Structures are given as C-alpha cells and as structure tokens.
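Numbering (the numbering used here), first residue to last: 11 to 167. For every residue, glycine included, the Cβ atom is placed at its ideal position computed from N, Cα and C. Computed from a prediction, not measured in an experiment: that's the story for all the values here.
Here is the structure:
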C-alpha cells in the first residue's frame with residue numbers, strides 16, 4: 011500500500027505548482043546548462059558538466075518525489091470538530107510537567123512539518139502522543155532523548 015501524505019489543500023496546490031515549474035521551466039534551464047557545459051570540450055575533466063549533471067539528478071529526484079506525493083495526498087479537514095481531541099490541523103498548547111514551560115504547536119502532516127515555526131508532524135514523538143487526546147489530558151512522550159510528560163492546556167483551530 012502506498013504511503014499517504016496528509017496535506018492542507020493549500021500545501022497540495024503549492025506542490026502541484028512546484029512540480030509544474032520543475033517540469034516546464036527548471037528542466038529546460040538544466041538542459042541548457044548541460045548543453046553549454048558540453049561545449050567546453052573533454053567531459054572527463056569538465057567540472058561544469060559534472061555540476062550540471064548533478065543538478066539534473068537533483069531535479070529528477072525532486073520531480074519523482076512530487077509525483078509520488080501528489081497522487082497519494084490526503085487533504086486534512088482543518089474544520090474538523092475538536093470533540094475528537096487533537097487531530098491534524100489543530101493547534102495545541104502544552105505545558106511540560108518538568109519545568110512548567112508552555113509551548114504551542116500546530117499538528118500537521120509530515121510534508122508540512124517545520125519545527126522552527128512550531129509546526130510538528132503527526133508522525134513525530136510529540137505529535138503521535140497528542141493525537142486523539144483532549145484538553146486536560148497528561149501524555150507521556152517517548153522521544154529519542156528519553157520520555158517526558160506534558161499536559162494539554164488548550165486545543166484550537
């Protein structure tokens with residue numbers, strides 16, 4: 011079974027636009043780089059050619075990745091009821107039991123995760139621990155650095 015990628019509708023549209031750009035614009039640019047590098051002569055000692063071929067490899071790798079993600083995307087219902095607890099698309103304020111520090115996270119699919127922006131994947135240790143839990147619940151997070159507990163203070167959209 012193919013892996014499903016949980017995305018917001020906006021992120022799916024961004025990925026479709028990126029794929030279109032890579033196939034129509036970027037692919038032609040890279041082909042031109044290769045053509046130009048070939049004109050420099052001996053390919054065995056041609057660093058421009060090697061770099062252009064590396065760029066082509068990266069391009070085709072990203073295209074293949076997007077061609078896998080897009081048809082296997084599952085759109086997140088960002089308006090789902092909070093009655094079922096924490097779901098993808100929810101914002102969750104938690105308090106770490108040790109240290110009494112509070113943080114707010116948005117729970118997103120793995121393709122949209124960005125810890126710097128407090129957007130954590132539903133597949134991350136904290137994300138997994140929070141899914142399905144409710145306001146007031148205390149959860150144990152099994153992280154690579156060890157387990158810790160946190161309490162759900164607030165859930166919102």
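Identity of the residues DSSP links to residue i by a beta bridge
i: residue 156; result: 153
i: residue 148; result: 161
i: residue 17; result: 85
i: residue 79; result: Answer is none; residue 79 lacks a bridge partner.
i: residue 118; result: 131
i: residue 36; result: DSSP lists no partner for residue 36.
Assigned secondary structure, residue i (DSSP; H/G/I helix, E/B strand, else coil)
i: residue 97; result: coil
i: residue 123; result: coil
i: residue 167; result: coil
i: residue 107; result: coil
i: residue 133; result: coil
Whole-Å CB distance - residue i paired with residue j, under 8 Å assumed
i: residue 35; j: residue 69; result: Not quite, the Cβ-Cβ distance comes to about 11 Å (not below 8 Å), so this is no contact.
i: residue 29; j: residue 73; result: 7 Å
Neighbourhood of residue i by C-beta, 7 Å cutoff - its chain only, sequence neighbours within 5 removed
i: residue 137; result: 117, 130, 131
i: residue 103; result: 112, 114, 163, 164
i: residue 16; result: 84, 86, 98, 119, 132
Own chain residues within Cβ distance below 6 Å of residue i, not counting five before or after
i: residue 100; result: 117, 165
i: residue 142; result: 95
i: residue 62; result: 43, 44, 47
i: residue 12; result: 82
i: residue 147; result: 162
Sequence-distant residues of its chain with Cβ nearer than 8 Å to residue i (five each side left out)
i: residue 158; result: 106, 107, 108, 150, 151
i: residue 145; result: 162, 163, 164, 165
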